[in-house]
Every structure is written in C-alpha cells, then in structure tokens.
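What follows is a short report on a single structure.
Number of protein chains: 2
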Amino acid sequence: MSEPGSSDAYGETRPFRVRSSTAEWAAAILRQRVTQGGLLPGSRLAEDELTAELEVSRNTLREAFSLLSQERLLEHRLNRGVYVRVLSPADVSDIYQVRRMIEGAAVRRSYKDPISLTALRGAVSDAEKAAAEGRWLDVGTADLRFHQLIASLNGSRRVDAMMAQALAELRLVFHAMNPRELHAPFLPRNRELLTLLESGRNAEAEALLATYLDEAERLLLAACTP
Amino acid sequence: MSEPGSSDAYGETRPFRVRSSTAEWAAAILRQRVTQGGLLPGSRLAEDELTAELEVSRNTLREAFSLLSQERLLEHRLNRGVYVRVLSPADVSDIYQVRRMIEGAAVRRSYKDPISLTALRGAVSDAEKAAAEGRWLDVGTADLRFHQLIASLNGSRRVDAMMAQALAELRLVFHAMNPRELHAPFLPRNRELLTLLESGRNAEAEALLATYLDEAERLLLAACTP
DNA sequence: AATGTAAGGATTGTTGAACGATTTGATAAG
DNA sequence: CTTATCAAATCGTTCAACAATCCTTACATT
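Chains as they are written, first to last, in the working numbering: chain A, 1 to 226; chain B, 1001 to 1226.
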C-alpha cells in the first residue's frame, strides 16, 4: 500500500492529496494538450469554448489558466486572453542554459548510485528499443525520461521540478520538428554518457554533455527561427 | 524612458504590463507580509478575513493564493484552507542544494564582466556599511541582493527566477532568527568572494562558496530544528 | 478515562449570473 | 492611407448561492 502523505526518497512529507481540485483537473487536461501538441503555440484559449467543453465554471477555468501560466506553458495577456506560449529563440537558449547548469552539476556530482544507474539504463534501453522499432515518439519520451533522471542525480526535489518544467517548455518546440531527426542524433550519446557515468568518469561525461547540449540547442534554434 | 514591453539585457521581450490584475496586487501584499515576517509560518489565511481586509472578492483572493502557493510561500490544503508554508529541515537542505548548484555554476563561469562586478561591489559595500551602522535588516537585504547577483552570472532569466524563489523561501526561516547572527558571519566572506571573482580565481571562489553555503545551511538547520 | 460516533456549525469548493472595463474589428471620415 | 468612431466580443471582477468537506462539540460505548 502506497500511503499518500507519507515520506519519500527525499525525506520530505507530501501534503495529503488523494483527489485534486477541479481546477487542477482542468489544468491537467490542458497541460496534456499543450505538451502533446494538441494545442499549438500561439493558439488562443477562449474561456467560453473551454468552459463549455470541460464543463467547469469560468472561475475554475481561470484558476487552471493561472496554474499553467506559472508553468510557462500558457501566456496570459491582460484583457486579451490566454495563449499557448510561443518560445522565442532567446527562450530556447535560456532553457538550454538551465539544462547546462542542472545536468552539468548532476553529472559532476554523480557517484555511481546503483538505483540511479539502473533507472538510467532502463531509459536508454527503452529509447534504443523504440528507435529500432521506429517508434520515434516513444524514443522522445524515453529520451526526456533519461535527462530527467540525470537531473535527479542532484538529489533535490526542487531541481527535479525545475528540470521537469524546462523539459515541458521544450516540448512546445518539439512539436514543430520531426521526432526522428530530433532524437536520433542523440541516442548513441545517451548510451555513451551512461557508460561514462557507470565507470565514474565524470569529467568526461561533463564534457560530452556540454557538446551534446550545445548541438541540441543549435538544432532547436534552427527549427524555431524560420 | 523605459518602455514596458521592450527588450532587455536578456534579449527577451516582456509582455506589456503597465497595470497588473487585482489578483497580482493582492498577491503582492500577501507576499510582502510573508517574506517580511508579518505573517509567520503556520499561520492560517482565512478567506473571510482577507476578503474583508483587502476588499477583493473571494475568487480574486483565491487566485492570489494560487499564485503564492506555486511560489511555495503558501501551502494549500484541500478543503482546509491556506497556510503560510512551514519549512522542514529537509526543505532547508533542498534549498541549499539548489543554491549550491546555481551559485556554484555561476561562479565557475564567471568572466570578470565589469557590469556584474560593479553591481556586486555595490551590494557588498551596502552590506558592510549597514553592518557598521548596526542596521542588520539592511545587511540582510544587501546580502540577499549579493547572492541574487551571483546567480545572475549564469546569464539566464529563468535561473534568476529560480534563485529569487529559493531566497524567498529562505526568508520564511530567516524570521525565526536574529538577523545579526544570521548575516554577520558571512559578510567578510562576501567581500572575499568578490575579490576572488575580480581577479578571475574562479576555482578558489567556488571552494569558498561551497564552505560558505555548507555553514549557512548548518546555521539554518540548527534554527529550524528545535 | 479513553475511544468511538453523531449532529451541527463553519469554512472551503464550485457554480452561474451580472456588470464595468478593455480590446477588437468594421466602418466612416479626413 | 491614416485616423477616428462606435458596436460587439471578450476579459476582469464581484456577488450570492449551494454543495462538499472539515472541525467541534456533545454524547454514547467500552
């Protein structure tokens, strides 16, 4: 039995939350649409439409908007409505700066933790298997999971949250790209990075990661500057 | 004339926002009370009281609650109300983990930027002057400004925001302490850190910062475990 | 005395309608 | 082509109401 409200790997106690509020439920639906490409960047989210479709009141919907705006997935323009966020090239660079910081620090302090390494191996294997079978969307999912796990080497719940948000923002751009050419170039390097971490060669891992992220940033910048 | 909506040092365009929504206004008032100790951790924020005092509707107040909850200054317990966040020792450690990551990365990539160094000098001088005159609250303000400036060496608006939030959370604990014994031990080390950055000795700066943060963490942990 | 149960009141969660304020878009005038 | 004007649409905010949940108190049980 997994007790809600119990302590976890970080030693913090989570607030009891078996069921969530209606606003969080609505936010979850919209979040999924945004991060999975159902709602494209720049789209306007009209209150009337969504209150009718989700069958929630305007106030509740606006609370959901507020949640997603703080996650930077939506953009709230006063008196003008809510839009799916459009990432500028500067945003992409900023996000990659965040990734360099988080993942760089993670790799540097990596210490061959068996549990973390097992999880990382699983993510890399899943990605490779999905790639072999041509399931490129699943490759993307596993790739993001791999990097989220890298971030978690920092051993901080807040850093995990920052990384999750950064990756969620990046998904806004991912949908403008072919998932194959987005993830394929980086698959072997995930494996290589894992190997370096397994043998404790953190400095080499850090260097590999740096070039990795620089290249990924260039790829995305090219995609979002037409 | 500083045009709102114009581009800034980060090259991003800020959304036009001359006036803010009522919810943000209410959130600003509550944020100030929380970060400046007017509302102590654990306090309950009843809707009836605050709607009467702030003269805003319940819905607007609840939106303000939502904003501050996402900043981790308030804690929203479903059906039970909103409380000023109480930091556990695990929270404090987690926040210091974030600071180690952010400030560590910042110091490592520091490159003697004249503008940044000028700002840092200003913060250190202000802190020293305030200390000499016994204005320990102002010392605290300048100290936090110094570390926020350190974080900004990362050159990322998002990292700046993360740091601002981490420091805001720490203020929740600061109010349980004597501001003098909280900041006095670290004043000379701020100066020392600045000197190292001015001469480009980043590795030494990084080491100094590490011990600095470890000690500060211990100090706060001792304060919040009675 | 300690524990468990059952009203009842108090507070929160959510809704729907209302109205002023702002933006938008079309139209007309210069 | 630009500017001005005006109506429609949409947003921002408030209010009142009711449902759902929690908390307190009182009472009963062991």
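Each residue gets a CB set at the ideal place from its N, CA and C atoms; glycine is no exception.
For clarity, every value in this text was computed on a predicted model and none was experimentally measured.
query: Using a Cβ-Cβ distance cut-off of 8 Å, determine whether Val1056/B contacts chain A.; result: no
query: Does the distance from the C-beta atom of His1183/B to that of Leu1040/B stay below 8 Å?; result: no
query: Counting only C-beta atoms, is Val98/A closer than 8 Å to chain B at any point?; result: yes
query: Compare the C-alpha of Gln1148/B against each of Ala1130/B, Gly1134/B and Gly1122/B and name the closest.; result: Gly1122/B
query: Between the alpha carbons of Leu1170/B and Arg1072/B, how many angstroms are there, rounded?; result: 11 Å
query: Locate the alpha helix (DSSP H) running through Gly122/A, then write down its first and last residues.; result: Pro114 to Ala132
query: Since I believe Glu103/A is in contact with Ala151/A (beta carbons under 8 Å), could you give me their beta-carbon distance rounded to a whole number of angstroms?; result: 6 Å
query: Smallest Cα separation from Ala90/A: which of Arg1158/B, Gln1070/B and Lys1129/B?; result: Arg1158/B
query: Under 8 Å between the Cβ atoms of Ala1106/B and Asp1126/B?; result: no
query: Measure the C-alpha to C-alpha separation of Glu1192/B and Leu219/A and round it to an integer number of angstroms.; result: 41 Å
query: Determine whether the Cβ of Leu61/A lies closer than 8 Å to any Cβ atom of chain B.; result: no
query: So is Arg1031/B in contact with chain A if we call contact Cβ pairs under 8 Å?; result: no
query: Beta-carbon within less than 8 Å of Leu74/A's beta-carbon, same chain only, minus the 5 sequence neighbours each way: which residues are those?; result: Leu30, Val34, Leu45, Phe65, Leu68, Val82, Tyr83, Val84 and Arg85
query: Sorted by chain position, which residues of the same chain lie with C-beta nearer than 8 Å to Gly140/A's C-beta, five sequence neighbours on each side aside?; result: Phe174, Pro179, Leu182 and His183
query: Spell out whether any CB of chain B is found under 8 Å from the CB atom of Val139/A.; result: no
query: Would you mind giving the Cβ-Cβ distance between Arg1100/B and Leu1213/B, rounded to the nearest angstrom? I have them listed as a contact below 8 Å.; result: 5 Å
query: To be precise: take each residue of the stretch 136-161 of chain A, compare its Cβ to all Cβ atoms of chain B, and keep it if any distance is under 9 Å. Which residues remain?; result: Asn154, Gly155, Ser156, Arg157, Arg158 and Val159
query: Would DSSP call Tyr83/A helix, strand or coil?; result: strand
query: Can you give me the C-alpha to C-alpha distance between Leu1208/B and Asn1202/B, rounded to a whole angstrom?; result: 10 Å
query: Compare the C-alpha of Glu63/A against each of Ala1130/B, Ala1023/B and Glu1215/B and name the closest.; result: Ala1023/B
query: Under 8 Å Cβ-Cβ, which residues of chain A neighbour Leu1067/B?; result: Ser66 and Gln70
query: Quick check on DSSP: helix, strand or coil for Leu1078/B?; result: coil
query: Where does Leu1182/B fall in DSSP's three states?; result: helix
query: Less than 8 Å between CB atoms is the rule here; does Ser1021/B satisfy it with respect to chain A?; result: yes
query: Mapping the DSSP letters down to three states, classify Arg1201/B as helix, strand or coil.; result: coil
query: Any Cβ of chain B within less than 8 Å of the Cβ of Ala119/A?; result: no
query: Please list the residues of the stretch 1161-1183 of chain B that have a C-beta atom closer than 7 Å to any C-beta atom in chain A, keeping them in chain order.; result: Met1162
query: Is the distance from the Cβ of Leu1196/B to the Cβ of Ala1210/B below 8 Å?; result: no
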